[in-house]
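**Q** Position in the sequence shown (first residue = 1) + 11 = my numbering.
A virtual CB, placed ideally from N, CA and C, is assigned to each residue, including glycine.
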Amino acid sequence: LGLNVMTLGGLAVAIGVLVDDAIIDVENVFRRLKQNRSRSRAERRPFVDVIFDASNEIRPAMVFATVIIVMVFIPLLFLQGLEGRFFRPPALTYMMSILASLVVALTVTPAMCKILLRGRLGTEHAQQDGFLVRALKRLYEPTLRAAVRFRGWVLGVSGLAALAALWLASTFGSSFLPSFNEGTYTVFLLAPPGTSLVESDRLATEVEKRLVAIEGVRSVSRRTGRAERDEHAEPVSNSEIEVTVDEGRDRDAVRRDIDEVLGSIPGITTMVGQPIEHRLSHVLSGTPAAIAINVFGENLAELRALAKEIEAELNRLPGARDVNANREVMITSLPIRYRHAELAAVGLSPADAAEQVREALYGETVDTVNQGLRRYDLVVRLAPDQRQSIEQVRDLLLRGRSGATVRLRDVADIGPERSGSLITRENAQRKAVVSLNVAEGSNLGDLVRDVRDRVDPIVRREGLTVAYGGQFEAQASAQRTILVAGVGVAVVMFMLLHLSTGSVRAALLVMLNMPLALIGGIAAIYATEGHGPVGNTLALLGIGGPYQAPVISIASLVGFITLFGIAVRNGILLINHYNHLTREEGLPLDEAIHRGSMERLVPILMTALAAALGLLPLALAAGKPGSELLAP
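This is how it looks when you write it as structure tokens:
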């Protein structure tokens, strides 16, 4: 692993959890020291023995909890492709950090307790809890007693809340990655193929002038065309404009102004994205758009017409933008079809004839001329006035092997034809490509479903095949991997929980914490995405504007994975302490639940608070460029 933004992000996510094991250990040691101090002098145990026993008491729960937290991140290690490159480094960093913190808590922390918990700690001055802890316990105790007394109601309400959260999550949209805030927009201008460099430059210059006049736009730069030998060669009819936005400006407002400018330019196709976003899409789908529709067939005219029909259909689809079919025009070409019998009569093959035609029209390098430090190729071909018309091409003289000459018209059929300017292939199959992006207020998952519903019937009607590519493929692959690996990890987690608690029912009880933990995570997404909680709640009730689905990305799923680990940790700490009180101290179950919950209140709150404070910088950076992958 190298030190990069993603590994640093993993450390940032882990930093609040790194102290959890130490918090649990120190709190338990400190509490046992206070209990030991409250005994009479004759009953007090040696200071070191108390620390040793207190550390051993909490050690099994701490080890199992940490191992399970590490295990919940294992599905991320199976991610492949681009999603794996994004999320494996922070997952590995997080796992290694947590394991290192466990080693420290098992070895260094008890030794530090022996050194630092002498003196005032464990004496009469420390017999009472602090003001804040006493206040928390006063608030928690009646709540705990009521929850135990009305446990049926508590379980029912919790179950209904979990079901409501799952129903709410079913209304959410999905995406591969969160929307990036790069501070720059990439505007693609696609003039009709064959547009000259002069005309393309004029169009792009006009667009530049209008874009730079938008409030909030800091600068504009442009590139028109790419060299023929460039890895991503582009014709001079295509331009790419980088629009840099002032920091702090409302980027959605700037985007709307950009769309307004582009919509006022007739005769060109446009596409708007962001630099990194565009490159990710290009890697995943071969186009700068989020979704690519590949229609395969043999008949170019049929593919061309079908692509235009799909483009027209998707332009009417809400949620779709920048819909673009194959960028091609019909051009006039001059095919030469040789008649083999006539060629053979003069001793020529089609390859020989084609070579002579090429030399006559395009020339052949016969020598090199040196003039000082410069070298020039000497090319021999027909004079320009002898190769300008179709008739001149038909009158070209071909020389046979016997020395006889024949005109091209006598051995070949020559005539102008209209044909497409572009043929695209994939795996040796001809295809037409239609690309599109996700409009503001929509999401990738819902849009892909709507696109399939509209495109599949059109393609099936013609008896052709269609394949979809783009970001949603990577999203679906990542979701499948996390789901399949997650099922296996859940089985192993259950086995570890059974080993830790010694009871199937206790293990199931801890596992139930995970769906209940979803409630807060789903509520957080609902509150921060879309129109916000008020607008979307009114929309669900049929009041106000349309419902804008909050979006769950792969980054959000990683956040849920972290949440599951914390929920399981808390469950293990409670269940193991209940078991200790019933088995070692002989308390009845009700009393063990009450006392165990009160005693574990402080460490659970402290670990949760430490984790929250560790994530606070990432939460505060939400919306800043570069924070999109880690902030969710």
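State buried or exposed for His351, treating a residue as buried only when at least 16 other CB atoms are found within 10 Å of its CB.
**A** Numbered from its first residue, the sequence shown carries residue 351 at position 340. Exposed, by the Cβ-count rule.
**Q** Excluding five sequence neighbours on each side, which residues of the same chain lie with their C-beta closer than 8 Å to the C-beta of Ala102?
**A** The count along the sequence shown starts at 1 and reaches residue 102 at position 91. Gly21, Phe84, Leu87, Leu88, Val569, listed in sequence order.
**Q** Inspect the CB distances between the stretch 440 to 450 and the stretch 165 to 180 and report whether three or more fall short of 8 Å.
**A** Cβ pair count under 8 Å is below three, so no.
**Q** Taking all protein chains shown into account, do 16 or more other C-beta atoms lie within 10 angstroms of the C-beta of Glu94, making it buried, or fewer, making it exposed?
**A** Here the question's residue 94 lines up with position 83 in the sequence shown. So Glu94 counts as buried.
**Q** Considering only their Cβ atoms, is the gap separating Leu174 from Ala485 smaller than 8 Å?
**A** By 1-based counting over the sequence shown, the position of residue 485 is 474. By 1-based counting over the sequence shown, the position of residue 174 is 163. Result no, Cβ atoms of Ala485 and Leu174 do not sit closer than 8 Å.
**Q** Which class does Asn438 belong to by DSSP, given the choice of helix, strand or coil?
**A** Taking the sequence shown and counting its residues from 1, the one referred to as residue 438 is at position 427. Asn438: coil per DSSP, three-state reduction.
**Q** Quick one: give me the first and last residue of the alpha helix (DSSP H) that Leu201 is part of.
**A** Numbered from its first residue, the sequence shown carries residue 201 at position 190. Unbroken run through Leu201 is the beta strand (DSSP E), 195 to 201; no alpha helix (DSSP H).
**Q** Asn305 and Glu428: beta carbons closer than 8 Å?
**A** Residue mapping note: residue 305 aligns to position 294 of the sequence shown, counting from 1. Residue mapping note: residue 428 aligns to position 417 of the sequence shown, counting from 1. Not closer than 8 Å, so no.
**Q** Beta-carbon within less than 8 Å of His289's beta-carbon, same chain only, minus the 5 sequence neighbours each way: which residues are those?
**A** Residue mapping note: residue 289 aligns to position 278 of the sequence shown, counting from 1. Closer than 8 Å at the Cβ level, and outside the excluded window around His289, lie Thr197, Pro299.
**Q** Should Ala443 and Leu314 be called a contact, given that it needs their Cβ atoms to be closer than 8 Å?
**A** In the sequence shown, counting from the first residue as 1, residue 443 sits at position 432. In the sequence shown, counting from the first residue as 1, residue 314 sits at position 303. Going by C-beta atoms, Ala443 is nearer than 8 Å to Leu314.
**Q** Could you give the first and the last residue of the continuous beta strand (DSSP E) run that contains Leu214?
**A** Residue mapping note: residue 214 aligns to position 203 of the sequence shown, counting from 1. Run containing Leu214: none in the beta strand (DSSP E); it sits in the alpha helix (DSSP H), 208 to 223.
**Q** Sorted by chain position, which residues of the same chain lie with C-beta nearer than 8 Å to Thr435's C-beta, five sequence neighbours on each side aside?
**A** Here the question's residue 435 lines up with position 424 in the sequence shown. For Thr435, where only same-chain residues beyond five positions count, the Cβ hits under 8 Å are Asn337, Arg441, Lys442, Ala443, Val444.
**Q** Spatial neighbours of Leu317 within its chain, please: C-beta separation below 8 Å, excluding the five flanking residues on both sides.
**A** Indexing the sequence shown from 1 puts residue 317 at position 306. Val306, Gly308, Ala443, Ile469, Val470, Glu473, Leu475.
**Q** Assuming Ile62 contacts Val30 under a Cβ cut-off of 8 Å, what Cβ separation, rounded to an integer in Å, is found between them?
**A** Within the sequence shown, the letter at position 51 stands for residue 62. Within the sequence shown, the letter at position 19 stands for residue 30. Not a contact, Cβ separation roughly 19 Å.
**Q** Spatial neighbours of Gly133 within its chain, please: C-beta separation below 6 Å, excluding the five flanking residues on both sides.
**A** By one-based count along the sequence shown, residue 133 stands at place 122. Its pLDDT being 47, under 50, Gly133 is placed unreliably by the model, and the measurement read from it follows with that caveat. Only Leu44, Arg48 meet the Cβ criterion.
**Q** Rounding to the nearest angstrom, what Cα-Cα distance links Leu393 and Glu217 in this structure?
**A** Here residue 393 is taken as the residue at index 382 of the sequence shown, counted from 1. Here residue 217 is taken as the residue at index 206 of the sequence shown, counted from 1. Their backbone Cα atoms lie some 41 Å apart in a straight line.
**Q** Mind checking whether Ile583 and Phe142 have CB atoms under 8 Å apart?
**A** Residue numbering aside, residue 583 sits at position 572 when the sequence shown is read from its first letter. Residue numbering aside, residue 142 sits at position 131 when the sequence shown is read from its first letter. Cβ distance not < 8 Å, so Ile583 and Phe142 don't count as in contact.
**Q** Distance, Cα to Cα, Thr512 vs Ala72?
**A** Reading the sequence shown from its first residue, position 501 is the one you call residue 512. Reading the sequence shown from its first residue, position 61 is the one you call residue 72. Distance between the alpha carbons of Thr512 and Ala72 is about 9 Å.
**Q** Which runs of the alpha helix (DSSP H), 4 residues or longer, sit entirely within the stretch 142 to 205?
**A** For the stretch 142 to 205, whole alpha helix (DSSP H) runs of length 4 or above, ordered along the chain, are 142 to 160, 162 to 181.
**Q** Is it true that the CB of Val247 sits closer than 8 Å to the CB of Leu208?
**A** Position 197 of the sequence shown, counted from the start, is the residue given in the question as residue 208. Position 236 of the sequence shown, counted from the start, is the residue given in the question as residue 247. Yes, the pair counts as a contact, with Cβ atoms nearer than the cut-off.
**Q** Since Val7 sits in a beta bridge, which residues does DSSP pair it with?
**A** Residue 7 is absent from the model: the chain starts at 12 and stops at 643.
**Q** Under a CB-based cut-off of 8 Å, is Glu324 close to chain C?
**A** Absent from the structure: chain C. Only one protein chain is present.
**Q** For the structure I just gave you, are there three or more beta carbon pairs, one from the stretch 450 to 469 and one from the stretch 320 to 332, closer than 8 Å?
**A** The stretch 450 to 469 vs the stretch 320 to 332: in contact.
**Q** Compare the C-alpha of Gly155 against each of Gly184, Ile80, Ser232, Leu612 and name the closest.
**A** Here residue 155 is taken as the residue at index 144 of the sequence shown, counted from 1. First, the amino acid is wrong: residue 155 is Leu here, not Gly. Out of Gly184, Ile80, Ser232, Leu612, Leu612 has the C-alpha closest to the C-alpha of Leu155.
**Q** If we count Cβ pairs, one from each stretch, closer than 8 Å, do we get three or more for the stretch 105 to 115 versus the stretch 496 to 508?
**A** Verdict: no, contact absent.
**Q** Under 8 Å Cβ to Cβ from Glu193, same chain only, skipping five residues before and after it: list those, please.
**A** As a first step, residue 193 is located in the sequence shown; it is residue number 182 there, counting from the start. Result list for Glu193: Gln285, Pro286, Ile287, Glu288, Pro636, in chain order.
**Q** Among the candidates Asp601, Leu620, Met609, whose CA atom is the shortest distance from the CA of Arg162?
**A** Translated into the one-based positions of the sequence shown, residue 162 becomes position 151. Nearest of Asp601, Leu620, Met609 to Arg162, Cα basis: Asp601.
**Q** Give the C-beta separation of Gly480 and Ala303 to the nearest angstrom, bearing in mind that I take them to be a contact with Cβ-Cβ under 8 Å.
**A** Indexing the sequence shown from 1 puts residue 480 at position 469. Indexing the sequence shown from 1 puts residue 303 at position 292. Sure, about 4 Å apart at Cβ, within 8 Å.
**Q** To the nearest angstrom, report how far apart Arg262 and Ser190 are at their CA atoms.
**A** In the sequence shown, counting from the first residue as 1, residue 262 sits at position 251. In the sequence shown, counting from the first residue as 1, residue 190 sits at position 179. Computed Cα separation, rounded: 12 Å.
**Q** Identify, in the order they occur along the chain, each residue of the same chain with its Cβ nearer than 8 Å to the Cβ of Val231, setting aside the five sequence neighbours on each side.
**A** Taking the sequence shown and counting its residues from 1, one reaches residue 231 at position 220. For Val231, where only same-chain residues beyond five positions count, the Cβ hits under 8 Å are Glu219, Leu222, Val223, Ile252, Glu253, Val254, Thr255.
**Q** Among all the DSSP beta bridges, which residues are the ones paired with Asp378?
**A** Locating residue 378 in the sequence shown gives position 367, counting from the first residue. Answer is Leu389, bridged to Asp378.
**Q** Return the chain-ordered list of same chain residues with a C-beta closer than 8 Å to the C-beta of Asp406, the five sequence neighbours on each side being excluded.
**A** Indexing the sequence shown from 1 puts residue 406 at position 395. Same-chain partners within the cutoff: Arg418, Leu419, Arg420.
**Q** Helix, strand or coil for Phe98 per DSSP?
**A** In the sequence shown, the residue the question calls residue 98 occupies position 87. The answer is helix: DSSP assigns Phe98 an H, G or I state.
**Q** By Cβ distance, which residues of its chain are closer than 6 Å to Asn249, with the 5 residues on each side in sequence left out?
**A** Translated into positions along the sequence shown, residue 249 becomes position 238. The answer, listed in chain order, is Leu201.
**Q** Here's the rule I'm using: 16 or more other beta-carbon atoms within 10 Å means buried, otherwise exposed. How should Tyr387 be labelled?
**A** Residue 387 sits at position 376 when you count from the first residue of the sequence shown. Per the 10 Å Cβ criterion, exposed.
**Q** Using a threshold of 8 Å, state whether the C-beta atoms of Leu90 and Thr492 are closer than that.
**A** Here residue 90 corresponds to residue number 79 of the sequence shown, with the count starting at 1. Here residue 492 corresponds to residue number 481 of the sequence shown, with the count starting at 1. Cβ distance < 8 Å, so Leu90 and Thr492 count as in contact.
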